[in-house]
Structure formats: C-alpha cells, structure tokens
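**Q** Residue numbers (the UniProt record's numbering), protein chains in the order written: chain A, 1 to 323; chain H, 1 to 323.
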C-alpha cells in the first residue's frame, strides 16, 4: 500500500492521516499550526516541517495530499515544485477548478487527480479529526483532460481506504455542484441565523428544530467558510442567483395571491429524491475496467449519480441509481 | 387535574393527547381523519365526533385544545360556540394573532389563552405522535388585553404537564418571531432543496451534512407547511424581506470585492448566541405570583428570553437569561 503524506492537519487533513493510518498505510503529516502539530504528536503521529515531509514522500514514493485552505495551496505547491516535483498528488480542498489551475501552472510534472471529501463537522482542527469522518461519505475525484488513469486511481484508492465512496467528476462540474449543495447551504445558514437573531431574545428562545438544523453550519469557523465560499465565486454567484430568483418569486406569490404552493411542492419533491437516493433505492452495479479510456465513462457515471465503491485488480465497481 | 379535550389528532394534537394522559389527566379527542381516529383508538384513546367530545368537555369542565391547521380553526370554533360557548380553551396552532381574532369574534365567552409548542418532526399524523415530543421544548402561551390569569394558567399548566417550558408572549410578537425562526426556515429549506436538485443527480450524490440539515424540514407535508406559512403572511413577508436584503447584500459583496466576511461573521455570532442560550449559560430565576397584574410582567420576561419552568401554588418559576 502506498504511503501517504498529508500537508495540513486540520479537521480534514487530520482525519485523512488517521483514516489512512487505520487502513494500514504508512502515513505522516506536516502543518504550520502549532496546535495541530501538538495534537497530532500526542495522538502518536509524526508532524514534520513541510519540506521534510515532502522529502520523505520522495524517498518512499508516497501519495502527497494537500489539505490546507485554498488561499494556502499555492505556497504548498511551490514547496512541492522545489522538493518533489514528480510527486503522486491529490488534495482535499473544497473547490477543484482553481486548484487544478494552480497545479498545472506551478507543478506541471506531478501525477495529480483532485479530490474533495463531502464530510465535515462544525468543529475544526486536528483535535476534532476522526478516522471515521469519511465513512460512507461521497468523495469527489476529478477527471480533467490531463488526468491519467494511474493518478486517478491513486486518489480514488485513498478515498476508498478512508471508507468513502468515489464520485468521478470534472472539476468545473464539481465546483458548480458544491456551490449548490455545500456553499449555498453555508450562506443560507448564516443568513437564517442573522434574521433569527434580529428577532431578539424571544426569537432565540422560541427557536426549535427547523431553525436549529437550518443554522447548524453557521457555527463553523467563519474563516474556513470564507476560504471555501469565496474560492468558488463564479459558481456560487450562479447558485445565489438561482436562490434569489426563487426567494423573490415566493415573496411575490405570497404578497399577491398569498400562495407558497409551488415553492413548497418543489422543495418537497427535491428532498424526497434526496431521501430516495440516500436510501439506496434502485441502484445498478457497473464494473469498469481501469484503462485510460475508462475515465470518460467514469465521469459519465458520476454525472448520473454513480459512485465507485471498490477497486480490485484493474476493475472499479460502480453503483449507479436507476432511472 | 383538569381533563383535556383535544380537537384534531395529527402529530401535535395526538402528542398533546398522549402527553396529557401520561401526566395523569383524563383526556379524549376528536378528529375528522379516519386514519388518525383509528390510530388513536388502537393506541387505547377515545376518538369521538367533535360535538360529542365538546359535550363531554362541558360535563367535565375540561380544557379544550384546538389542534387543527389554521384553515380549519373557524369551523371548530363554530362547534364550540354551539355546544360549549363558555369553555376553557387553548390551541396549538402555529400562528396566534389570526386565531385570537377568530376566537374573540366567534366565541367571545370562552376562557382562552393561545398556545404554540415549538416542536415537531417531518412526519405527520397520530401514528407519529409521542408523549415526549414536547419535552424541554418552548411552548408559547399568549397574553393579550383580554387574557385572564386563570385562562393563561390553564394553558400554561397543560404545557408544563407535557414537559415543555412556557414562553409568555403577545400574539403579534409571537407571529413576528415564528416567521423568523420557523416559517422562514421552512421556506429556506424548500428553496435550498430545489436549487440543489437543479444540479441534477451529481448534486444529490455529492450532497452532505450541510445540505441534508439545511433541507430537512423540506420533507414535511407541504400542505401543513402551506397552512402554517400562508397563515402568517404579513410577518413572513417582513422576514423574507430581511432575508432577501441580506442575501442580495451578500451577492453584491461577493460579485464586487469577493468578500462574504460580514455575512458569515453575523451568522456565526447569531448561532453562537443560540448555542449559549441552549446551553443554559447564565440564567437567573424569578418567581412571579400569579395575580392579574402578573401577566404584563410575565410577558416582559418572555421578551427577554425567559421561560416558565414550573407553577406551584400561586407562583410561576421563570428562568431568564442573564445579560
């Protein structure tokens, strides 16, 4: 099993380090945070300087995982370009097009496929990290023009070793999608929390499940949420415009006819589909042979909601929803 | 202990029936739904015709609880006016000003204080009802000009017997507040679910905790959500306008400077205050003697986030957040 070198040991990077290690892989990390380094060492892990961690990755032909917020990615890539420019590389950053762009520009020789595990908690830092964080979660692994099947497989196998399911996707499609299902929810949670707090102590006193659930992620570290949302500006603007259009239409309908039927029915139907998907209703299994030509096929399956649940020999087992 | 007659045996009414009975009160109900009547009878409860239930309420001097959706309230009040016009009366409908208006108009002789338990699940019907649904929840009990201390106490004691904490509040203040912390969250959940589903199967595949939590209540019966939200139109319009203003400002800031700091910081701060309140940090206890003059004082304490947690002899124990 290929060793893993994780750069950045916050909640996500720390959980990758723990999960990869629990899966039996040699694993070590690096972090600029004293608190995370201390927490990692107390948990029995090696937390090195970035250059030292990368030198060791070169010696052991490890998979390097970038697990820092988007604004810090460039500096990590510069270190990789200096120390280990031919690395096996993936990342767990929440946007994929901007990272792909920087990788091609700063480290053109790496063997790279981007990654993004769709898991988290409102806590942050290594102290909150868990080997089980990714169990059953979706983990996007990107397929671009320049992606090789070997680099894709390395990233996908890490995700599977962490207990996740792999969603093959293009970087731009990923970014459009997470704007809708991750970044807009964070923005909505923040706005909902603020509108509620505007109602004063009585509002917070009367707040129950719908408000509590709808504002949960507003409790996440706002600096991390900023890095995530601001780093996906064009796609997030599209999602916000879609939301503004729908909220404006609901407002207009409420003010005129007093009716919210179409808004509420659309939301109910959408949520029902999500529940059906989560319930695994009606999936079919496809086995894809991992040849270079397979990447386009995998990406198509991902678009249809397919997830790679296992890789054995040279085949990827993919579960695809029916209909 | 005063007997309880619950008109409407869905999730909320059914849970009141179960909780009141579990607290040792004689309790029976009425419902127009065959399914709810059957489920109630199978659970060992009496489910009568509305008129028969009200006649029995008159015989036993019971507290009548209206637990039907807002559009059906008027018809229940007409039955009360005919059968038992001097009833002790409360309700568990999600808006208070419109119910108060109808009560004053149609049943001017009832001894009434409005109620609204802030609890629920996305399930509906008696089959989903539970005696524990209200445990630890806030339960608004309204105080208007015409409210007597005796009627208020009857409604408050029912809430306490159901395991809830009583939030004393004016009807209009209640409606403004639930527009922010309950009705807007339902609207946001519906819009978020629809924007996510617009992203196709890939979006639902990549959806994780933030989307799941943010859309949970979109799975509620849309007809019940319609009755709730459309019945609170003026207050909900204000809350939607607040949300539209904030979302528009966030959009503008993202499009121009690219920054979401002020939006995210405001949301984080609001959520932090909610968590502090839920954690019971820094409360002080006030004991209020239940004389007629106490109602204004109780309403003031409710405005400050205070909750009545017990009534014994002629005193109400109220927990009020500090600072």
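Positions of the beta carbon are idealized from the N, C-alpha and C atoms, including for glycine. Here the structure is a predicted model, which means the values were calculated and not measured.
1) Distance check for residue 289 of chain H and residue 260 of chain H, CA to CA, integer angstroms please.
2) According to DSSP, residue 139 of chain H sits in a beta bridge with which residue or residues?
3) Taking 6 Å as the limit between beta carbons, can you name the residues of its chain near residue 14 of chain H, skipping five residues before and five after?
4) If you draw a straight line from the alpha carbon of residue 234 of chain H to that of residue 5 of chain H, how long is it in whole angstroms?
5) In chain order, what residues of the same chain lie with their CB nearer than 6 Å to the CB of residue 135 of chain H, ignoring the 5 residues before and after it?
6) Which residues in the same chain have their Cβ closer than 6 Å to the Cβ of residue 12 of chain H, if we skip the five residues on either side of it in sequence?
7) Exposed or buried, residue 45 of chain A, counting other C-beta atoms within 10 Å across all chains shown (16 or more means buried)?
8) Near residue 39 of chain A, which residues of its chain fall below 6 Å by C-beta distance, leaving aside the five closest residues on each side in sequence?
9) Take residue 166 of chain A as the anchor and find which of A:10, A:322, A:316 has the nearest alpha-carbon.
10) Would you say residue 184 of chain H lies against chain A (beta-carbon separation less than 8 Å)?
11) Taking 8 Å as the threshold (beta carbon to beta carbon), is residue 140 of chain H in contact with chain A?
12) So which residues of chain H does residue 211 of chain A contact, with C-beta pairs closer than 7 Å?
13) Could you check what DSSP says for residue 206 of chain H in three-state terms: helix, strand or coil?
14) Pick from A:267, A:251, A:255, A:232: whose alpha carbon is nearest that of residue 71 of chain A?
15) Which residue or residues does DSSP assign as beta-bridge partners of residue 285 of chain H?
16) If you reduce the DSSP assignment to three classes, tell me which class residue 132 of chain H lands in.
17) So, for residue 119 of chain A: in the same chain, excluding its five sequence neighbours on each side, which residues have a beta-carbon less than 7 Å away from its beta-carbon?
18) Look at the alpha carbon of residue 124 of chain A and the alpha carbon of residue 224 of chain A, and state the distance between them as a whole number of angstroms.
19) With a threshold of 7 Å on Cβ separation, who are the neighbours of residue 57 of chain A within its own chain once the five nearest residues in sequence on each side are excluded?
20) Give the residues of chain C in contact with residue 206 of chain H, contact being defined as C-beta atoms less than 7 Å apart.
21) Does the distance from the CB of residue 149 of chain H to the CB of residue 26 of chain H come in under 8 Å?
22) Is the separation between the beta-carbon of residue 23 of chain A and that of residue 161 of chain A shorter than 8 Å?
23) Between the region 207-216 of chain A and the region 243-253 of chain H, do at least 3 Cβ pairs fall closer than 8 Å?
24) What residues match up with residue 312 of chain A in a beta bridge as DSSP calls it?
25) Let me know the alpha helix (DSSP H) ranges lying completely inside the region 186-260 of chain H, each 4 residues or longer, listed in chain order.
26) Under the rule that 16 or more other beta-carbon atoms within 10 Å means buried, what is residue 147 of chain A, buried or exposed?
27) DSSP puts residue 12 of chain A in a beta bridge; with which residues?
28) Would you verify that the beta carbon of residue 115 of chain A is, or is not, closer than 8 Å to some beta carbon of chain H?
29) Let me know if residue 41 of chain H comes out buried or exposed under the rule of 16 or more other beta-carbons within 10 Å of its beta-carbon.
30) Going along the chain, which unbroken runs of the alpha helix (DSSP H) with 4 or more residues stay wholly within the region 24-95 of chain H?
31) With a 10 Å radius around its C-beta and 16 neighbouring C-beta atoms as the bar for buried, classify residue 117 of chain A as buried or exposed.
32) What residues in the region 302-321 of chain H bring their beta carbon closer than 8 Å to a beta carbon of chain A?
33) Which of helix, strand or coil does DSSP assign to residue 110 of chain H?
34) For the beta strand (DSSP E) that residue 6 of chain A lies in, which residues bound it at each end?
35) Is DSSP giving residue 271 of chain H helix, strand or coil here?
36) Flag residue 268 of chain H as yes if its beta-carbon sits less than 8 Å from any beta-carbon of chain A, otherwise no.
**A** Considering the structure as presented:
1) 49 Å
2) H:117, H:166
3) 126, 129
4) 31 Å
5) 163
6) 67, 92
7) buried
8) 126, 127
9) A:316
10) yes
11) yes
12) 181, 182, 185
13) helix
14) A:232
15) H:319
16) coil
17) 133, 134, 137
18) 9 Å
19) 5, 64, 84, 87
20) Absent here is chain C; the protein component of the structure consists of chains A and H.
21) no
22) yes
23) no
24) A:315
25) 200-206, 209-215, 222-230, 233-256
26) buried
27) Residue 12 of chain A pairs with nothing; no bridge assigned.
28) no
29) exposed
30) 34-42, 50-60, 73-83
31) buried
32) 302, 303, 304, 305, 306, 307, 321
33) coil
34) 4-7
35) helix
36) yes
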